[in-house]
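Engineer: Let me give you the structure first, and then I'll get to my questions.
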Amino acid sequence: MEFALDLFTVFTLLAGALFFLAGTVGLIRFPDPLTRLHALTKVDNLGLGLVVVGLVPQADGWVAALKLVIVWLLVQLSGAIVTQLIAGAIRERGPSA
Amino acid sequence: MDSFLFLIASFVLATAAGGLIIILQRPAEVDRIMAAQLLGTGGVAILLILAIATQNSPTVDVALMLALFAAFVTVAFVRDAPDPQNTAQRK
Amino acid sequence: MTSWFFGDAGVALLVLAIGASTIFARKTFDAAIAFVVYGLLLAIAWVRLSAIDVALTEAAIGGGMTGTLLLGAVARLRSAEPDDTRLGLPIQLATGFCCALVAACLAAALLLLPETIPTLAPAVMENLADTGLGNPVAGVLFSYRALDTLLEKVVLLLALLGVWSLAPNNAWNGIPRLRLYDRPNSTLTFLAQLLPPVGVVVGIYMCWVGANEPGGAFQGGTVLAAMWLLVIIARLERAPSIGQLWLRVGLVVGPAVFLAVGLAGLVLANGFLAYPPGHAKAFIVTVEFALTISIAAVLAMLAAGPPQQVQQE
Amino acid sequence: MSGANLFGMCGPALVGLGLYGLITDPEPLRKILAFNLLGSGVFLIFGVIARRAAAAGVPSDPVPQAMVITAIVVAFAATALAVALVLRLLEQTGRATLSTDVPVREKPDP
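Residue numbers (my numbering), protein chains in the order written: chain A, 831 to 927; chain B, 4 to 94; chain C, 12 to 324; chain D, 6 to 115.
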């Protein structure tokens, strides 16, 4: 059981790290600001999400695990809204703002 | 397990740092804001991983604060980013 | 803590690189953004130095509050004529050399420190049980060095008086001139409705766990201040006029309660700012809650700036 | 070399950088920024010393930690006051510069 959980952690963390890499590469390589913003949200949602999912089995008790999930939900929530704000600024002021 | 966690934390740090340094060279303000946001999320991930790896649960609170203030600061970024029409002549 | 050498080296290098870019950035806006990022990185560095209390403070004040304050100032200063006076290259080089020398001397002093340096940590831990607290940093702040903490609150109030006294003559009792959004923005309104409830819970939690785990009045108060500012920036609520009675009471309630508890110590215990044995924790928690309110009010008002003329509606 | 020592080397370097910016940059706001950088370098040095003085089951000496927390809050208050001064200078003269050899635009208090 322990081994299976560890294996689960390894895979999800690797996947999370991959999304961090993909999001960053997208942020660097994508042609215009809105697509770059799209890449950034992948880091917020999937990158951090997978990292948290992977860490939950390693957490010390369910309260600690819950706290991890709450942090992710907070980032998810504020990240999504803040990204909308940035997108609004891009639309209003043009891509070079 | 712990060394694996440290490895992932280093990887996330390296990715976020690389992205940050490349993007900070760009002229557009929006890109900088996004870079800051990327490092905010990366920082939260690193702190969460470190909290588990070092079994130091208060570190999660630091991640919580980071998440909260990253959102707060981005509001200020968007509020204060220069308007290119008015500021084109400024250096 | 287990070693994370490459990570530590990476964090340290990144702190230096971003720190340098706040100095050498061409545009001040870029420097301010870099400073915010720098604050985030320093929070990680403090975690690695096993100083979670400081990491919390740095994330909140160093990155968040100072960053917002500077960004607002940068936006206002855009209307100013740029100052093009640059120092000549020889002077720049000489300054650079002198600064490098200062840094080298400091580094050498740090490296030459003996392995065992005097520490008060054992003394703190020995007497921590008497205060009923579990967090040694809170013990130092509210018990052993309580006078420092009390006077620091007074310094905060003095700084606020300084900021307020920069108001033009006819603007006294006006509304702080915090930069708001140009117009109401539905996305921002949504954020300002959603985040503050979470933030208030986090703030109270920070204050509450402060007795036993990292956290405390400073960190909690800063979160509350940031949430208040967010609501004001999003135009959901107007900033209060600085003459409001409730605001002024909020500003001084923390230091006043602290002082009252301190004076009560003269009667109930054996000296100023001493706590009666056995009841120390109750007193400290009371003081911390009052201080959280005051710190939130003072920090928010400091970030909001001096009052401007009251607009007729 | 331990991790704490790495940050220990970071502290003095930041002090140097901050000092350089404080002296060479003409814009007051940049000076304020540089001063904050200098301060955080000093705090970091405190942190490293606290880490080294770890004893008796605490990972880091709490006394310097408490001092740094106080210092961060006071540094914020000082920054807020300095920023307010710069903005007042702008309001009063239309410029935000510290050099004395520029003509000051007279502007009555609004």
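Just so it is clear, CB atoms sit at the ideal spot from N, CA and C, and this is done for glycine as well.
Output needed for N181 of chain C: all residues of its chain with C-beta closer than 8 Å, excluding positions within five of it in sequence on either side, in chain order.
Structural biologist: Here residue 181 of chain C refers to the residue found at position 170 when the third sequence is read from its first residue. These residues qualify, in order along the chain: Q320.
Engineer: If you follow the alpha helix (DSSP H) that G859 of chain A is in, where does it begin and where does it stop?
Structural biologist: For the purposes of this step, residue 859 of chain A is taken as residue 29 along the first sequence, with counting starting at 1. One detail in the question is off: residue 859 of chain A reads as Arg in this sequence, not Gly. Counting along the chain, the alpha helix (DSSP H) containing R859 of chain A begins and ends at E832 to R859.
Engineer: Nearest chain A C-beta to G46 of chain B closer than 8 Å, yes or no?
Structural biologist: The count along the second sequence starts at 1 and reaches residue 46 of chain B at position 43. No, G46 of chain B does not count as interfacial toward chain A.
Engineer: By the three-class DSSP mapping on this structure, what secondary structure does P863 of chain A have?
Structural biologist: Here residue 863 of chain A refers to the residue found at position 33 of the first sequence. Here P863 of chain A sits in helix by DSSP.
Engineer: 8 Å is my cut-off, CB to CB: does T190 of chain C come that close to chain B?
Structural biologist: Reading the third sequence from its first residue, position 179 is the one you call residue 190 of chain C. Checking the sequence, you will find Arg at residue 190 of chain C rather than Thr. Answer yes: the Cβ-Cβ gap between R190 of chain C and chain B drops below 8 Å somewhere.
Engineer: Which residues, in chain order, does the segment 184–210 of chain C contribute to contact with chain E at a C-beta distance below 8 Å?
Structural biologist: Absent here is chain E; the protein component of the structure consists of chains A, B, C and D.
Engineer: Going along the chain, which residues of the segment 911–922 of chain A sit with their C-beta nearer than 8 Å to a C-beta in chain C?
Structural biologist: Correct list: I911, V912, Q914, L915 and G918.
Engineer: Tell me whether W892 of chain A is buried or exposed, calling it buried when 16 or more other Cβ atoms sit within 10 Å of its Cβ.
Structural biologist: Taking the first residue of the first sequence as 1, we reach residue 892 of chain A at position 62. Per the 10 Å Cβ criterion, exposed.
Engineer: Going by DSSP in three states, R59 of chain C sits in which element: helix, strand or coil?
Structural biologist: Within the third sequence, residue 59 of chain C is the residue found at index 48, counting from 1. Helix, per DSSP.
Engineer: Where does P251 of chain C land, buried or exposed, given buried means 16+ other C-beta within 10 angstroms?
Structural biologist: Translated into positions along the third sequence, residue 251 of chain C becomes position 240. Classification of P251 of chain C: buried, given that the 10 Å Cβ count is 16 or more.
Engineer: Could you name the residues of the same chain whose beta carbon sits closer than 6 Å to that of F80 of chain B, not counting the 5 residues immediately before and after it, in chain order?
Structural biologist: In the second sequence, counting from the first residue as 1, residue 80 of chain B sits at position 77. Excluding positions up to five away in sequence, the list reads I36.
Engineer: Do the segment 119–134 of chain C and the segment 274–283 of chain C touch if we need at least three Cβ pairs shorter than 8 Å?
Structural biologist: They do not touch, by the three-pair rule.
Engineer: Sort C:N223, C:G214 and C:I243 by Cα distance to F229 of chain C and report the nearest one.
Structural biologist: Stepping through the third sequence from its first residue, residue 229 of chain C is reached at position 218. The option with the nearest alpha carbon to F229 of chain C is C:G214.
Engineer: Under 8 Å, CB to CB, which of the residues in the segment 857–889 of chain A have a partner in chain C?
Structural biologist: Here the close residues number zero.
Engineer: For F838 of chain A and G884 of chain A, what's the separation of their Cα atoms in angstroms?
Structural biologist: For the purposes of this step, residue 838 of chain A is identified with residue 8 of the first sequence, where counting begins at 1. For the purposes of this step, residue 884 of chain A is identified with residue 54 of the first sequence, where counting begins at 1. In a straight line, the C-alpha of F838 of chain A is about 7 Å away from that of G884 of chain A.
Engineer: Any Cβ of chain A within less than 8 Å of the Cβ of I36 of chain B?
Structural biologist: The count along the second sequence starts at 1 and reaches residue 36 of chain B at position 33. Yes, I36 of chain B lies at the interface with chain A (some Cβ there is under 8 Å from its Cβ).
Engineer: Can a CB atom of chain D be found closer than 8 Å to the CB of P147 of chain C?
Structural biologist: For the purposes of this step, residue 147 of chain C is taken as residue 136 along the third sequence, with counting starting at 1. For P147 of chain C, the answer is yes, since a Cβ of chain D falls inside 8 Å of its Cβ.
Engineer: Going by DSSP, name the residue or residues bridged to I186 of chain C.
Structural biologist: Here the question's residue 186 of chain C lines up with position 175 in the third sequence. I186 of chain C is bridged to C:Q319.
Engineer: Name the one or two DSSP bridge partners that R246 of chain C has.
Structural biologist: To locate residue 246 of chain C, count along the third sequence from 1; it is residue 235. According to DSSP, which records beta bridges pairwise, R246 of chain C is partnered with nothing at all.
Engineer: Taking CB distances under 8 Å as the criterion, tell me whether G221 of chain C reaches chain D.
Structural biologist: Locating residue 221 of chain C in the third sequence gives position 210, counting from the first residue. Cβ-Cβ to chain D under 8 Å: no for G221 of chain C.
Engineer: Considering Cα atoms alone, identify which of C:A280, C:G254 and C:L284 is closest to A267 of chain C.
Structural biologist: As a first step, residue 267 of chain C is located in the third sequence; it is residue number 256 there, counting from the start. A267 of chain C has its Cα closest to that of C:L284, out of C:A280, C:G254 and C:L284.
Engineer: Starting from the C-beta of L80 of chain C, find all residues in its chain whose C-beta is less than 7 Å away, skip the five residues before and the five after it, and write them out in chain order.
Structural biologist: Taking the first residue of the third sequence as 1, we reach residue 80 of chain C at position 69. A314.
Engineer: Flag A120 of chain C as yes when its Cβ comes closer than 7 Å to any non-hydrogen atom of the ligand ZN, and as no otherwise.
Structural biologist: For the ligand ZN, the structure offers nothing, since it holds no ligand at all.
Engineer: Does L71 of chain B have its Cβ less than 8 Å from a Cβ in chain A?
Structural biologist: Here residue 71 of chain B corresponds to residue number 68 of the second sequence, with the count starting at 1. So, interface residue.
Engineer: When DSSP labels each residue in this structure, what does R921 of chain A get in the three-state scheme?
Structural biologist: Here the question's residue 921 of chain A lines up with position 91 in the first sequence. Of the three classes helix, strand and coil, the one that applies to R921 of chain A here is helix, per DSSP.
Engineer: Are the CB atoms of A311 of chain C and W257 of chain C within a distance shorter than 8 Å?
Structural biologist: On the third sequence, position 246 is the one that residue 257 of chain C refers to. On the third sequence, position 300 is the one that residue 311 of chain C refers to. Their beta carbons are not under 8 Å apart, which means W257 of chain C does not touch A311 of chain C by this criterion.
Engineer: Once you ignore the five residues that flank G232 of chain C on each side, which residues in its own chain have a CB closer than 6 Å to its CB?
Structural biologist: Along the third sequence, read from residue 1 onward, the residue named residue 232 of chain C stands at position 221. Around G232 of chain C: T303, I306 and A307.
Engineer: Is G30 of chain C close to chain B, meaning its C-beta is less than 8 Å from at least one C-beta of that chain?
Structural biologist: By one-based count along the third sequence, residue 30 of chain C stands at place 19. Cβ-Cβ to chain B under 8 Å: no for G30 of chain C.
Engineer: Between G83 of chain C and R190 of chain C, is the Cβ-Cβ spacing less than 8 Å?
Structural biologist: For this step, residue 83 of chain C is matched to residue 72 along the third sequence. For this step, residue 190 of chain C is matched to residue 179 along the third sequence. Yes.
Engineer: Which bits of chain C does L904 of chain A rub up against, with CB to CB less than 8 Å?
Structural biologist: Indexing the first sequence from 1 puts residue 904 of chain A at position 74. Those within 8 Å of L904 of chain A in chain C are V209.
Engineer: So with CB distances below 9 Å, who are the chain D contacts of V264 of chain C?
Structural biologist: Against the third sequence, residue 264 of chain C aligns to sequence position 253. In chain order: nothing, as chain D lies at least about 17 Å away.
Engineer: Given a cut-off of 8 Å on the beta-carbon distance, is the pair G50 of chain C and T77 of chain C in contact?
Structural biologist: Your numbering for residue 50 of chain C matches position 39 in the third sequence. Your numbering for residue 77 of chain C matches position 66 in the third sequence. Yes, the pair counts as a contact, with Cβ atoms nearer than the cut-off.
Engineer: Would you say Q92 of chain B lies against chain C (beta-carbon separation less than 8 Å)?
Structural biologist: On the second sequence, position 89 is the one that residue 92 of chain B refers to. Only weak support exists for where Q92 of chain B lies, its pLDDT of 39 falling under 50; the coordinates are left without a value.
Engineer: Between the alpha carbons of K94 of chain B and I49 of chain B, how many angstroms are there, rounded?
Structural biologist: Taking the second sequence and counting its residues from 1, the one referred to as residue 94 of chain B is at position 91. Taking the second sequence and counting its residues from 1, the one referred to as residue 49 of chain B is at position 46. Note on K94 of chain B: pLDDT 34, under 50, position unreliable in the model; the coordinate value appears next. Approximately 36 Å between the Cα atoms of the pair.
Engineer: How long is the line joining the alpha carbons of I72 of chain C and G877 of chain A, rounded to whole angstroms?
Structural biologist: Locating residue 72 of chain C in the third sequence gives position 61, counting from the first residue. Locating residue 877 of chain A in the first sequence gives position 47, counting from the first residue. Looking at the two C-alpha atoms, the distance is approximately 27 Å.
Engineer: My output table needs one value for R100 of chain D: the three-state DSSP class, helix, strand or coil.
Structural biologist: One-based indexing of the fourth sequence puts residue 100 of chain D at position 95. If DSSP states are grouped into helix, strand and coil, R100 of chain D belongs with the strands.
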